[in-house]
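Sequential numbering from 170 applies to the sequence shown in our numbering.
Virtual Cβ for every residue (Gly too), placed ideally from N, Cα, C.
Predicted model, so just to flag it, every value in this text is computed and none were measured.
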Amino acid sequence: MKKILVILSLASIFISTSCKKGGCIEHEKWACELIDINPNYYDPVCDCQGNTYQNEAVIQCIEVKTKYKKGKCK
Numbered sequence: 170m171k172k173i174l175v176i177l178s179l180a181s182i183f184i185s186t187s188c189k190k191g192g193c194i195e196h197e198k199w200a201c202e203l204i205d206i207n208p209n210y211y212d213p214v215c216d217c218q219g220n221t222y223q224n225e226a227v228i229q230c231i232e233v234k235t236k237y238k239k240g241k242c243k
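Laid out in structure tokens, this is it:
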């Protein structure tokens with residue numbers, strides 16, 4: 170049981186710092202003219218600089234960034 174807790178703790182540390190260490194994923198660029206950007210829809214994404222954005226549409230179409238990871242920055 171202790172081994173599982175240690176592994177989960179290490180995994181959470183890795184996940185929370187992976188974006189800052191360059192672990193962002195390059196996503197395919199969206200056709201923004203076809204997307205209804207709704208800033209009230211909250212499904213956070215984290216860019217490689219550690220900034221959290223509302224959702225993928227905001228980071229892709231307003232901030233014009235395609236390297237990010239899903240989830241709130243830690």
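Q. Can you give the Cα-Cα distance for Asn209 and Gln229, rounded to whole angstroms?
A. 16 Å
**Q.** Nearest neighbour of Gly207, chosen from Tyr222, Lys241 and Lys236 [CA to CA]
**A.** One point to set straight first is that residue 207 is Asn, not Gly, in the sequence displayed. Minimum Cα distance to Asn207 is reached at Tyr222.
Q. Which ranges would you report for the alpha helix (DSSP H) in the stretch 202 to 234 if only whole runs of at least 4 residues count?
A. none
Q. Nearest-angstrom Cα distance between Asn224 and Val214?
A. 6 Å
Q | Other residues of its chain near Leu179: CB distance less than 8 Å, five sequence neighbours each side excluded | A | Model confidence at Leu179 stands at a pLDDT of 40, short of 50, so the residue's coordinates are unreliable and nothing is read from them.
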